[in-house]
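Residue numbers (the UniProt record's numbering): 1 to 243.
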Ligand SMILES: C[S@@+](CC[C@H](N)C(=O)[O-])C[C@H]1O[C@@H](n2cnc3c(N)ncnc32)[C@H](O)[C@@H]1O
């Protein structure tokens with residue numbers, strides 16, 4: 001395994017230690033984005049890399065079965081506290097513990113950059129019924145707002161976000177060409193929630209403790225003068241139909 005792959009795996013597996021901060025600090029998903037990603041008539045929907053269930057909550061509809069798949073035991077524990085009634089399975093996007101052609105839609109929120117896309121695409125094609133949809137989504141901070149750009153600058157000074165190549169726009173066969181759409185919205189957050197959001201980023205979790213404290217101190221100083229504030233987000237959505 002190369003050093004880069006090793007680091008990627010370390011970060012992909014890091015979320016469990018901050019599962020509670022993740023639940024407090026990470027934003028939800030806007031309804032119009034989720035409605036665009038998953039056909040309204042989808043009866044069985046699987047949330048891959050469900051984490052604490054942020055996306056799962058937005059997927060639920062009367063008459064629809066939502067199943068969550070998540071590799072981290074700590075994230076599953078947090079999920080089970082928040083959504084005890086939703087079926088939750090131990091698995092990954094590369095190895096989904098569900099039968100062939102059993103789902104109308106698969107979604108993956110903020111997690112596709114952690115998977116091996118070749119294996120995950122093959123696995124998604126196995127689990128989806130023909131004509132089913134694979135939807136990928138990321139909530140990105142909108143850095144066109146100056147204070148958010150400043151926050152981003154601080155974070156980049158300490159570590160690079162592992163999201164540069166998400167491989168979302170080229171899923172390839174047997175999927176039809178990927179369609180994409182952005183949704184802009186704002187999420188009211190307290191400074192404490194913003195700190196939790198920062199503390200729950202994989203590249204912050206895996207910093208040395210003293211470096212992480214220094215970074216959080218700088219973010220605290222930036223937020224000092226702020227009361228609850230509207231964090232601007234761009235929710236980036238990608239969807240493709242199984243041919
Ligand atoms: C940033 S969190 C996203 C959680 C949730 N989907 C959300 O939108 O808040 C990334 C999640 O992907 C999970 N993960 C890491 N590697 C994975 C893989 N190969 N397959 C599926 N999930 C994975 C992590 O355990 C973590 O819960």
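Built from N, CA and C at the ideal position, the CB exists for glycine as well. None of the values given here were measured: they were computed from a predicted structure.
Output needed for residue i: all residues of its chain with C-beta closer than 6 Å, excluding positions within five of it in sequence on either side, in chain order.
{"i": "residue 179", "result": "239"}
{"i": "residue 60", "result": "66"}
{"i": "residue 167", "result": "117"}
{"i": "residue 241", "result": "133, 176"}
{"i": "residue 139", "result": "27, 233, 235"}
Hey, would you say residue i sits closer than 7 Å to residue j, going by beta carbons?
{"i": "residue 33", "j": "residue 183", "result": "yes"}
{"i": "residue 105", "j": "residue 133", "result": "yes"}
{"i": "residue 228", "j": "residue 190", "result": "yes"}
{"i": "residue 109", "j": "residue 55", "result": "yes"}
{"i": "residue 76", "j": "residue 85", "result": "no"}
{"i": "residue 115", "j": "residue 135", "result": "no"}
{"i": "residue 154", "j": "residue 212", "result": "no"}
{"i": "residue 21", "j": "residue 200", "result": "yes"}
{"i": "residue 91", "j": "residue 97", "result": "yes"}
{"i": "residue 18", "j": "residue 53", "result": "no"}
{"i": "residue 93", "j": "residue 120", "result": "yes"}
{"i": "residue 150", "j": "residue 186", "result": "no"}
{"i": "residue 193", "j": "residue 41", "result": "no"}
{"i": "residue 223", "j": "residue 158", "result": "no"}
So does residue i have its beta carbon nearer than 6 Å to some heavy atom of ligand 1?
{"i": "residue 92", "result": "yes"}
{"i": "residue 166", "result": "no"}
{"i": "residue 231", "result": "no"}
{"i": "residue 71", "result": "yes"}
{"i": "residue 54", "result": "yes"}
{"i": "residue 185", "result": "no"}
{"i": "residue 128", "result": "no"}
{"i": "residue 112", "result": "no"}
{"i": "residue 189", "result": "no"}
{"i": "residue 115", "result": "yes"}
{"i": "residue 68", "result": "no"}
{"i": "residue 175", "result": "no"}
{"i": "residue 75", "result": "yes"}
{"i": "residue 12", "result": "yes"}
{"i": "residue 48", "result": "yes"}
{"i": "residue 79", "result": "no"}
{"i": "residue 286", "result": "Not covered by the structure: residue 286. The range shown for the chain is 1 to 243."}
{"i": "residue 135", "result": "no"}
{"i": "residue 257", "result": "In this structure the chain extends from 1 to 243, so residue 257 is not present and cannot be described."}
{"i": "residue 63", "result": "no"}
{"i": "residue 109", "result": "yes"}
Name, in chain order, the residues that DSSP records as bridge partners for residue i.
{"i": "residue 186", "result": "232"}
{"i": "residue 137", "result": "109, 237"}
{"i": "residue 242", "result": "175"}
{"i": "residue 180", "result": "238"}
{"i": "residue 128", "result": "103"}
Near residue i, what residues of its chain come up, given a Cβ to Cβ distance below 7 Å and the 5 sequence neighbours on each side ignored?
{"i": "residue 142", "result": "148, 184, 232, 233, 234"}
{"i": "residue 206", "result": "10, 11, 14"}
{"i": "residue 172", "result": "121"}
{"i": "residue 188", "result": "228, 230"}
Can you find the residues in the same chain that come closer than 8 Å, C-beta to C-beta, to residue i, ignoring five residues on each side of it along the sequence?
{"i": "residue 244", "result": "Given that the chain is displayed from residue 1 to residue 243, the structure contains no residue 244 and the question cannot be resolved."}
{"i": "residue 128", "result": "101, 103, 104, 105, 106, 134, 242"}
{"i": "residue 237", "result": "33, 36, 37, 135, 136, 137, 180, 181, 182, 183"}
{"i": "residue 43", "result": "63, 64, 65, 104"}
{"i": "residue 39", "result": "104, 105, 133"}
Does the beta carbon of residue i sit closer than 7 Å to a beta carbon anywhere in chain C?
{"i": "residue 30", "result": "As a matter of chain content, chain C is missing from the structure shown, which is built from one protein chain."}
Query - Contained beta strand (DSSP E) runs [length at least 3] in the stretch 35 to 118, N- to C-terminal order - result: Runs of the beta strand (DSSP E) lying entirely within the stretch 35 to 118, each at least 3 residues long, are 44 to 48, 65 to 69, 103 to 109 in chain order.
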